[in-house]
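Here the structure comes first, spelled out in structure tokens, and everything after it is commentary.
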Amino acid sequence: KPKVGRMERRVKINAPLSRVYRVCSDYEHYRDWTGNGIKKCVVQEKRQGFQHILYTTGVFGLTFNFALYWSTAVPNKITFRNPSPMGAVHLLKGEYTFTDLGDGKCSVHFQIIADIRGPIPHFVKIAIARLIVHIALDDLNTYVCSDRCIQNLAKYDKEAGGGALHT
Numbered sequence: 008k009p010k011v012g013r014m015e016r017r018v019k020i021n022a023p024l025s026r027v028y029r030v031c032s033d034y035e036h037y038r039d040w041t042g043n044g045i046k047k048c049v050v051q052e053k054r055q056g057f058q059h060i061l062y063t064t065g066v067f068g069l070t071f072n073f074a075l076y077w078s079t080a081v082p083n084k085i086t087f088r089n090p091s092p093m094g095a096v097h098l099l100k101g102e103y104t105f106t107d108l109g110d111g112k113c114s115v116h117f118q119i120i121a122d123i124r125g126p127i128p129h130f131v132k133i134a135i136a137r138l139i140v141h142i143a144l145d146d147l148n149t150y151v152c153s154d155r156c157i158q159n160l161a162k163y164d165k166e167a168g169g170g171a172l173h174t
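As numbered in this note's numbering, residues 8 to 174 make up the sequence shown, in order.
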């Protein structure tokens with residue numbers, strides 16, 4: 008029986024919008040700040056404003072395989088959705104919305120909608136959703152305000168053949 012859940016939250020971040028957006032839209036380096044929940048991430052397709060990524064994640068002893076389409080087509084917004092049900096993940100979609108607050112600060116609103124099926128207790132699904140929101144906002148906030156983030160972005164610029172750091 009489908010049971011769609013929704014969770015959302017907003018956080019103020021003391022880092023420039025350009026840095027926060029860059030980190031959120033750099034799916035290949037998500038593991039820099041999302042912890043060890045993402046076990047595997049394979050980019051299937053990549054073009055301007057769109058990426059199709061296959062994931063294997065694990066939390067609370069459970070493993071999930073799913074695909075997400077990521078879009079940056081709308082300014083200051085990143086959306087994601089699964090193209091079709093895969094395993095226990097029947098529906099997974101959401102978005103980041105970014106607002107520039109000036110003075111090198113921004114706010115980020117994160118929303119996720121999910122339908123996870125299978126023999127998983129409802130309280131575990133709620134715990135997973137809270138963990139996802141915590142990672143999406145709190146861990147993001149900690150990372151983008153860190154020296155490690157600035158160093159990683161500089162390293163990625165250098166590896167890509169650029170020299171300028173876009174913070």
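Each residue gets a CB set at the ideal place from its N, CA and C atoms; glycine is no exception.
task: Quick one: which unbroken beta strand (DSSP E) runs of 3-plus residues sit fully inside the region 90-161? Chain order, please.
output: The qualifying runs are 96-109 and 112-123.
- request: Please confirm whether Asn83 and Phe105 have their CB atoms less than 7 Å apart.
  value: Going by C-beta atoms, Asn83 is nearer than 7 Å to Phe105.
message: Considering only the alpha carbon of each residue, which of Leu24, Tyr76, Leu69 and Arg29 lies closest to Cys48?
response: Selected option, being the one with the closest Cα: Tyr76.
field: Neighbourhood of Lys10 by C-beta distance below 7 Å, restricted to the same chain and skipping five residues each side
entry: So the list reads Asp122, once near-sequence residues are dropped.
task: Could you have a look at Lys10 and say whether DSSP puts it in helix, strand or coil?
output: Residue state, collapsed to three classes: coil.
message: Let me check understanding here. Comparing Cα to Cα, which of Trp40, Ser32, His36 and Asp154 lies closest to Ile139?
response: With distances taken between Cα atoms, Ile139 lies closest to Trp40.
- prompt: Leaving out five residues before and five after Lys100 in sequence, what residues of the same chain have Cβ atoms less than 6 Å from its Cβ?
  reply: Within the same chain, Arg88 and Ile120 come within 6 Å of Lys100 by CB-CB distance, once the 5 residues on both sides are set aside.
message: Please state whether the Cβ-Cβ distance between Gly65 and Lys53 is less than 7 Å.
response: No, they are not a contact pair.
- prompt: Is it true that the CB of Arg17 sits closer than 7 Å to the CB of His116?
  reply: Yes, these two residues count as a Cβ contact at 7 Å.
field: For Ala80, the nearest candidate out of Ser153, Leu98, Gln55 and Thr63 (CA to CA)
entry: Of the listed residues, the one whose Cα sits closest to Ala80 is Gln55.
message: Between Arg29 and Leu160, how many whole angstroms is the CB-CB distance? I'm expecting something under 8 Å.
response: Their Cβ separation, rounded to whole angstroms, is 7 Å, which keeps Arg29 and Leu160 in contact under 8 Å.
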